[in-house]
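Undergrad: Once you've had a glance at the structure underneath, I'll fire off some questions.
Protein chains: 2
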Amino acid sequence: MSAKPVDFWLNNVTMNNNVLEAAFRFQTWNGPIKVVSILSTVIFPKNAHFPIDASPIYDGPPHLASESYAYSKRSLAQLTQWYRKQHKCDFVSILPGNFFGAYGDFNPNTAPLVNALIAKMESQKEHNPTAPLTMMGTGTPLRQIMFAYDLAQIVIWAMENYNANEPLIVAGEEFSISQIAQLVSEQVGFNGYLQFDNDTKNDGPLRRTADTSQFERLNPSFQMTPLSTGIKKTIEWYIINKSKALQK
Amino acid sequence: MSAKPVDFWLNNVTMNNNVLEAAFRFQTWNGPIKVVSILSTVIFPKNAHFPIDASPIYDGPPHLASESYAYSKRSLAQLTQWYRKQHKCDFVSILPGNFFGAYGDFNPNTAPLVNALIAKMESQKEHNPTAPLTMMGTGTPLRQIMFAYDLAQIVIWAMENYNANEPLIVAGEEFSISQIAQLVSEQVGFNGYLQFDNDTKNDGPLRRTADTSQFERLNPSFQMTPLSTGIKKTIEWYIINKSKALQK
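Chains R and A supply the protein sequences, listed in that same order. Using my numbering, the letters of the first sequence correspond one by one to residues 3 to 250. Using my numbering, the letters of the second sequence correspond one by one to residues 3 to 250.
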């Protein structure tokens, strides 16, 4: 469990409640307000089957690691539905898988996979260009991964086009961890050897595939940015903004 | 689902969050504060096995009928545990089964079973003393039922003696609906015939037994008030306070 479950709960649930209630009240003066809330895959139950869709969200507790954050996000999904039910508000929610990109966390210890790899490889390229880079686990687990710009486009699309009770699941193409590391290393121009430490570090879940068929049905023409392009654009931003990015 | 799920959620979760956070902050000036929060059996998943104990609380969604109230009570159970974890607060929760008694709801349409029966039989005894009274279903479902005074005593006991992470389940002895109706009719002195309408009205769940073994282990000497005594005392209060009770 997170070391500060109370803070995660109070901060997040208070924000959720205040934003939705404010949007509901404001629209009584000014006409309808659309709200697109962003959930997280942490809300899925820890024993969910793959591919995960929106139906089993509440069929068991989430992972303990981010329990109170997960419950605050679950309550946001529910509150969205309750505003639709009680007040006929046009509130919806989107449930995105892993994403990466500019303006995110690049601290190697806390950043999501792609951003952490970019920061580590850029640093090593500068300071120790031929040393091997050790990654945790075997590199074989699969992860769906999406460029943050695509998620932003989907949020804008949902503003205009999505109006349903269920959270809309969106996720990028699925790659193995080692494929993703390979792509980052090519784009960074990192020449060190990638090695995997499977003796002292375990793999996480081997797969965590979300079912994106509903989004594909509703928005069939949407083209996700190719992973190599997303990585390239993120590196371009990172190189210019490195000092700011690492202060986070 | 309740017609006002947003209101139930916002009112209850805001109260829960504010009371626990206030208790936590106040104790930094004045020494430790104990909080005993009261949950409800609505938090159990709708497909729970009997006897219900505290372990499957989150193993599935609660009944839709009181969904947002149930989620606010679930979050109270969790927040209690998170304050214990993050701030070492001596916060606990009690999960009571059905109870009845003075100062409660006596509106025949909304009151819990015993109070509703008292109000109906008292009214019929006054206005139509020999007419039959029709009850919904077969009368055979079993319900644990507890005098509110006993619950109050247990809350006071828990203030001094309970200090654990899990909600403490407390519930009264188990009777069938028809046994309970028979006892109320004896205490009211209602002479009409009790009949059961199983053609147009269905029974609710046949059993909803909560596992009270933990409470019995911790407080083995506690004696619940006999049901007939609890009913008698509630009727005494109701007769004196009828007009006030029915205004609720």
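Even for Gly, the Cβ is constructed at its ideal location relative to N, Cα and C. Just so we're clear, the structure is a prediction, and the values are computed from it rather than from any experiment.
Between which two residues does the beta strand (DSSP E) containing glutamine 197 (chain R) stretch?
TA: Run containing glutamine 197 (chain R): 196-199, per the beta strand (DSSP E) assignment.
Undergrad: Using a beta-carbon distance below 8 Å, is aspartate 152 (chain A) in contact with chain R?
TA: No, aspartate 152 (chain A) lies away from the interface with chain R (no Cβ there is under 8 Å from its Cβ).
Undergrad: If the cut is a Cβ gap below 9 Å, which residues of chain R does asparagine 19 (chain A) touch?
TA: Per Cβ cutoff of 9 Å: Trp11, Leu12, Val15, Thr16.
Undergrad: With 16 other CB atoms within 10 Å as the buried threshold, where does phenylalanine 108 (chain A) fall?
TA: By the 10 Å Cβ count, phenylalanine 108 (chain A) comes out buried.
Undergrad: Is the Cβ-Cβ distance between leucine 81 (chain R) and asparagine 19 (chain R) less than 8 Å?
TA: In this structure, asparagine 19 (chain R) lies closer than 8 Å to leucine 81 (chain R) by Cβ.
Undergrad: Between isoleucine 171 (chain R) and isoleucine 147 (chain R), what straight-line distance do the alpha-carbon atoms span, to the nearest angstrom?
TA: If I take the Cα positions, the gap works out to 13 Å.
Undergrad: Which residues, in order along the region 72-98 of chain R, keep a beta-carbon less than 7 Å from a beta-carbon of chain A?
TA: Per Cβ criterion, the list reads Tyr73, Ser77, Gln80, Leu81, Trp84, Tyr85, Lys87, Gln88, His89.
Undergrad: Suppose the cutoff is 7 Å on Cβ atoms and the five residues either side in sequence are ignored; what does the same chain contact list for phenylalanine 10 (chain R) look like?
TA: So the list reads Ser4, Ser70, Tyr71, Ser74, once near-sequence residues are dropped.
Undergrad: Give a yes or no on whether the minimum CB-CB distance between tyrosine 240 (chain R) and chain A is below 8 Å.
TA: It does not: the Cβ of tyrosine 240 (chain R) has no partner Cβ on chain A nearer than 8 Å.
Undergrad: Which residue from A:Gly206, A:Ile96, A:Pro114, A:Gln249 puts its Cα closest to that of proline 143 (chain A)?
TA: Proline 143 (chain A) has its Cα closest to that of A:Gly206, out of A:Gly206, A:Ile96, A:Pro114, A:Gln249.
Undergrad: Just the chain A side, please: which residues come within less than 7 Å of alanine 67 (chain R) by C-beta, in chain order?
TA: Chain A residues near alanine 67 (chain R): none, gap ~13 Å exceeds 7 Å.
Undergrad: What span of residues does the beta strand (DSSP E) with isoleucine 45 (chain R) cover, start to end?
TA: Looking at the DSSP string, isoleucine 45 (chain R) is not in any beta strand (DSSP E), and its letter there is neither H nor E.
Undergrad: Could you name the residues of the same chain whose beta carbon sits closer than 6 Å to that of leucine 41 (chain R), not counting the 5 residues immediately before and after it, in chain order?
TA: Closer than 6 Å at Cβ, skipping near neighbours: Lys75, Ala79, Ser95, Leu97, Pro169.
Undergrad: Closest by CA to phenylalanine 102 (chain R), which one among R:Pro47, R:Pro110, R:Asn117, R:Thr112?
TA: Nearest of R:Pro47, R:Pro110, R:Asn117, R:Thr112 to phenylalanine 102 (chain R), Cα basis: R:Asn117.
Undergrad: What is the residue span of the alpha helix (DSSP H) that leucine 78 (chain A) lies within?
TA: Run containing leucine 78 (chain A): 69-89, per the alpha helix (DSSP H) assignment.
Undergrad: How far does the beta strand (DSSP E) with serine 178 (chain A) in it reach, from first residue to last?
TA: It spans 175-178 - the beta strand (DSSP E) in which serine 178 (chain A) sits, taken as one unbroken run.
Undergrad: How is arginine 145 (chain A) classed by DSSP in three states: helix, strand or coil?
TA: If DSSP states are grouped into helix, strand and coil, arginine 145 (chain A) belongs with the strands.
Undergrad: Could you give the distance in angstroms between the alpha-carbon of glutamine 184 (chain R) and the alpha-carbon of asparagine 13 (chain R)?
TA: Rounded to whole angstroms, glutamine 184 (chain R) to asparagine 13 (chain R) spans 38 Å at the Cα level.
Undergrad: Could you compute how far the alpha carbon of valine 157 (chain A) sits from the alpha carbon of proline 222 (chain A)?
TA: Approximately 15 Å between the Cα atoms of the pair.
Undergrad: Excluding the 5 residues preceding and the 5 following threonine 140 (chain R) in the sequence, name in chain order all residues of the same chain whose CB lies nearer than 6 Å to its CB.
TA: Closer than 6 Å at Cβ, skipping near neighbours: Phe198, Asn200, Asp205.
Undergrad: Residues of chain R with a CB under 9 Å from the CB of glutamate 23 (chain A): which are they?
TA: Near glutamate 23 (chain A) (Cβ distances below 9 Å), the residues of chain R are Val8, Leu12.
Undergrad: Got a sec: is the Cβ-Cβ distance from proline 169 (chain A) to anything in chain R below 8 Å?
TA: Closer than 8 Å: no.
Undergrad: Considering only residues of the same chain and omitting the five flanking positions on each side of isoleucine 179 (chain R), which have a CB-CB separation below 6 Å?
TA: Answer for isoleucine 179 (chain R): Gly141, Pro143, listed in chain order.
Undergrad: At which residues does the beta strand (DSSP E) containing methionine 226 (chain R) begin and terminate?
TA: Segment: none, methionine 226 (chain R) is in no beta strand (DSSP E) and carries neither H nor E.
Undergrad: For glycine 191 (chain R) versus lysine 127 (chain R), is the C-beta distance shorter than 8 Å?
TA: Cβ atoms of glycine 191 (chain R) and lysine 127 (chain R): closer than 8 Å.
Undergrad: In the DSSP assignment, the beta strand (DSSP E) including phenylalanine 93 (chain A) goes from what residue to what residue?
TA: Its beta strand (DSSP E) spans residues 93-98.
Undergrad: Check whether the Cβ atoms of valine 37 (chain R) and leucine 22 (chain R) lie closer than 8 Å to each other.
TA: Against a cut-off of 8 Å, the Cβ pair of leucine 22 (chain R) and valine 37 (chain R) comes out as a contact.
Undergrad: Going along the region 28-62 of chain R in order, which residues come within less than 7 Å of chain A, judged by CB to CB distance?
TA: Going along the region 28-62 of chain R in chain order, one finds Tyr60, Asp61, Gly62 with a Cβ nearer than 7 Å to chain A.
Undergrad: Along the chain, where does the alpha helix (DSSP H) containing isoleucine 171 (chain R) start, and where does it finish?
TA: Run containing isoleucine 171 (chain R): none in the alpha helix (DSSP H); it sits in the beta strand (DSSP E), 170-172.
Undergrad: In this structure, does DSSP put threonine 236 (chain R) in helix, strand or coil?
TA: Of the three classes helix, strand and coil, the one that applies to threonine 236 (chain R) here is helix, per DSSP.
Undergrad: Please work out which residues of its chain come closer than 8 Å, Cβ to Cβ, to leucine 115 (chain R), disregarding the five sequence neighbours upstream and downstream, and give them in chain order.
TA: Correct list, in chain order: Asn100, Phe102, Arg145, Ile147, Ile179, Ile182.
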